[in-house]
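Trainee:
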Amino acid sequence: MRARLLTAAALACALLATAPGTATADDHPADPPAPTETPAETPPPVEIPTEIPTEIPTEIPTEIPTETPAETQPPAETEPPVETPAPTPAPGPLRIMPLGDSITYGYTSSTTDGFRADLYQRLTGAGLAVDLVGSARHGTGPDPDHEGHPGWTVAQVAARADGWLAAAEPDVVLLQIGTNDLRTAAGAVGAPARLAALVDRILAARPAARVFLSRLPGAKNAAEQRRIDAYNAAVPAIAAAAGDRVHLVDQRSVDGLALTDNLHPNDAGYAKMAWNLYRALEPVLNTTDTPWPAGVNPYQAKQAWLCHATTAGPDCRWWHLRPVKTPGRVGITAVTYEWQTLRPVRQAYTVKVKKRKVTRYRWVTAWVSR
């Protein structure tokens, strides 16, 4: 741009030099007289051609843009860096500690899983990620960890509870304990108070955990059953007093044919225990609007393979829920349903021997309720 301006100025000067009326070397003598100081004459006006050469720009900008050196330019505005939040870790599995005695251990079940394997399958089938925790491992199920100790009382479990809870860090504790306290009248004294203290101890060690406190299954011994009934009657108040993180589970219906021996459930009894726990857990742990799948309800079974202890060893056989007619008032027969099994029974019959009746016996297979 500057070069073009200089060219235009030079051309204008050349035109001025050759304009008419301007003195040249031929108009003056070779030796001019000595100059005298005279006032400067005003030169005649110069005619500037009306046609401007095409190479001269018709418009000369009044401001010549210049580029600011790169180092003097203000820095470009940039967006502040956006901090990417750290990813939220995926929630871990629900840590469940089965805590108790030989029933939690799974004693007298065919696999030593007790209720634990069945409950695990039900919970995972409902979509929960579950991790059973504890220092003991027994059974053939997918997660055999537990904290069930055969023969232990409430006080014995309480003495070790802090260490177990610190090591396993459970989110849920399934507490069923007290059966061994109730084996004797002396042991039953103060058992509910010891249970309440154990619940408080668990909550102190794991204040965010949920505790599911079970009423005990039944017993075949009448004296023990009376002590169990008294103990079970105190359990709801213990749960209520402990606060809203303690929930009641009712296992009292696990009795009779559901017991292998005097105290321990058989496989059918443990299936009922798993069902009762599953139903107690759902209102607390199900955070969706979709109910958990019901699965098989063992209380609706029409037949079951039951094992019972005898002096000769376990007696295992199929039992069936059958209608039994009971004579009532004249013309009315009541029908009830009982669990029965086929057994060989000694049946009496009479024959005539020399015109007199003689009672004889034979073995036949018949439906019996015991």
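In terms of mature numbering (1 follows the signal peptide of the UniProt record, and there is no 0), the sequence shown is residues -25 to -1, 1 to 345. Yeah, the Cβ is synthetic: ideal placement off N, Cα and C, and Gly gets one too.
1. Give me the DSSP bridge partner(s) of residue 67.
2. On a CA-only basis, which of 143, 85, 274, 173 is nearest residue 254? Give me that one, please.
3. Distance, Cα to Cα, residue 129 vs residue 139?
4. Can you grab the Cα-Cα spacing for the pair residue 297 / residue 343, in whole Å?
5. Output the distance between the C-alpha atoms of residue 263 and residue 69, rounded to the nearest integer angstrom.
6. I need the straight-line Cα distance from residue 332 to residue 290, nearest angstrom please.
7. May I ask you to report which of helix, strand or coil DSSP gives residue -1?
8. Alpha carbon to alpha carbon, what distance is there between residue 88 and residue 115?
9. Under a three-way DSSP split, which group does residue 120 fall into?
10. State whether the segment 233 to 240 contacts the segment 206 to 216, with contact taken as three or more CB pairs (one from each stretch) at a distance under 8 angstroms.
11. If you follow the alpha helix (DSSP H) that residue 79 is part of, which residue opens it and which one closes it?
12. Taking just the CA atoms, how far does residue 147 sit from residue 339?
13. Spell out the partners DSSP gives residue 327 in its beta bridges.
14. Taking only the alpha-carbon atoms, compute the straight-line gap between residue 82 and residue 141 and give it to the nearest angstrom.
15. Quick one, are the C-beta atoms of residue 123 and residue 182 less than 8 angstroms apart?
16. Suppose contacts are defined by Cβ-Cβ distances below 8 angstroms. Is residue 229 in contact with residue 211 by that definition?
17. Measure the CB-CB distance between residue 136 and residue 107 and report whether it falls below 8 angstroms.
18. Quickly, what does DSSP pair residue 222 with across the bridge? List them, please.
19. Pick out whichever of 86, 75, 100 has its Cα sitting closest to the Cα of residue 154.
20. Between residue 322 and the rest of its own chain, which residues show a CB-CB distance below 8 angstroms, the 5 nearest in sequence each way excluded?
21. Let me know the secondary structure DSSP gives residue 277 once reduced to three states.
22. In terms of residue numbering, what span does the alpha helix (DSSP H) encompassing residue 173 cover?
23. Measuring CB to CB, does residue 347 end up less than 8 angstroms from residue 94?
24. Got a sec, what are the start and stop residues for the alpha helix (DSSP H) residue 250 sits in?
25. Going by other Cβ atoms of all chains shown within 10 Å of its Cβ, with 16 needed for buried, is residue 242 buried or exposed?
26. What are the start and end residues of the alpha helix (DSSP H) that includes residue 192?
Mentor: Taking the geometry as given:
1. Within the sequence shown, residue 67 is the residue found at index 92, counting from 1. Paired residue(s): none; residue 67 is not in a bridge.
2. Residue 254 sits at position 279 when you count from the first residue of the sequence shown. Among 143, 85, 274, 173, the Cα nearest to that of residue 254 belongs to 274.
3. Your numbering for residue 129 matches position 154 in the sequence shown. Your numbering for residue 139 matches position 164 in the sequence shown. Distance between the alpha carbons of residue 129 and residue 139 is about 15 angstroms.
4. On the sequence shown, position 322 is the one that residue 297 refers to. On the sequence shown, position 368 is the one that residue 343 refers to. Approximately 10 angstroms, taken between the alpha carbons.
5. Along the sequence shown, read from residue 1 onward, the residue named residue 263 stands at position 288. Along the sequence shown, read from residue 1 onward, the residue named residue 69 stands at position 94. Computed Cα separation, rounded: 16 angstroms.
6. Within the sequence shown, the letter at position 357 stands for residue 332. Within the sequence shown, the letter at position 315 stands for residue 290. Put simply, the backbone Cα of residue 332 is about 37 angstroms away from that of residue 290.
7. Numbered from 1 along the sequence shown, position 25 holds the residue referred to as residue -1. Here the model assigns residue -1 a pLDDT of 41, short of 50, so the residue's position is not dependable, and the following value carries that caveat. Looking at residue -1 - three-state DSSP - the assignment turns out to be helix.
8. Residue numbering aside, residue 115 sits at position 140 when the sequence shown is read from its first letter. Residue numbering aside, residue 88 sits at position 113 when the sequence shown is read from its first letter. Cα-Cα distance, rounded: 7 angstroms.
9. Taking the first residue of the sequence shown as position 1, residue 120 is located at position 145. DSSP places residue 120 in strand when its eight states are reduced to three.
10. no
11. Residue mapping note: residue 79 aligns to position 104 of the sequence shown, counting from 1. It spans 77 to 80 - the alpha helix (DSSP H) in which residue 79 sits, taken as one unbroken run.
12. Here residue 339 is taken as the residue at index 364 of the sequence shown, counted from 1. Here residue 147 is taken as the residue at index 172 of the sequence shown, counted from 1. Between residue 339 and residue 147, the C-alpha separation is close to 52 angstroms.
13. Here the question's residue 327 lines up with position 352 in the sequence shown. BP columns for residue 327 point to 332.
14. Working through the sequence shown from its first residue, we reach residue 82 at position 107. Working through the sequence shown from its first residue, we reach residue 141 at position 166. Those two C-alpha atoms are separated by around 26 angstroms.
15. Taking the sequence shown and counting its residues from 1, one reaches residue 123 at position 148. Taking the sequence shown and counting its residues from 1, one reaches residue 182 at position 207. For residue 123 and residue 182, no; Cβs fall outside 8 angstroms.
16. If you number the sequence shown from 1, residue 229 lands on position 254. If you number the sequence shown from 1, residue 211 lands on position 236. The answer is no: Cβ separation not under 8 angstroms.
17. Position 161 of the sequence shown, counted from the start, is the residue given in the question as residue 136. Position 132 of the sequence shown, counted from the start, is the residue given in the question as residue 107. Result no, Cβ atoms of residue 136 and residue 107 do not sit closer than 8 angstroms.
18. Here residue 222 refers to the residue found at position 247 when the sequence shown is read from its first residue. 187, per the DSSP bridge assignment.
19. Position 179 of the sequence shown, counted from the start, is the residue given in the question as residue 154. Comparing Cα-Cα distances from residue 154 to each of 86, 75, 100, the minimum goes to 75.
20. Translated into positions along the sequence shown, residue 322 becomes position 347. If we look at residue 322 and ignore the five residues flanking it on each side, its Cβ neighbours are 336, 337, 338, 339, 341.
21. Residue mapping note: residue 277 aligns to position 302 of the sequence shown, counting from 1. Three-state result, residue 277: coil.
22. On the sequence shown, residue 173 is found 198 positions in, with the first residue counted as 1. Run containing residue 173: 166 to 180, per the alpha helix (DSSP H) assignment.
23. The displayed coordinates of the chain run from -25 to 345. Any statement about residue 347 would go beyond what the structure contains.
24. Counting from 1 along the sequence shown, the entry for residue 250 is found at position 275. Run containing residue 250: 242 to 260, per the alpha helix (DSSP H) assignment.
25. Within the sequence shown, residue 242 is the residue found at index 267, counting from 1. Residue 242 is buried by the Cβ-count criterion.
26. The residue labelled residue 192 in the question sits at position 217 within the sequence shown. Counting along the chain, residue 192 falls outside any alpha helix (DSSP H), and DSSP gives it neither H nor E.
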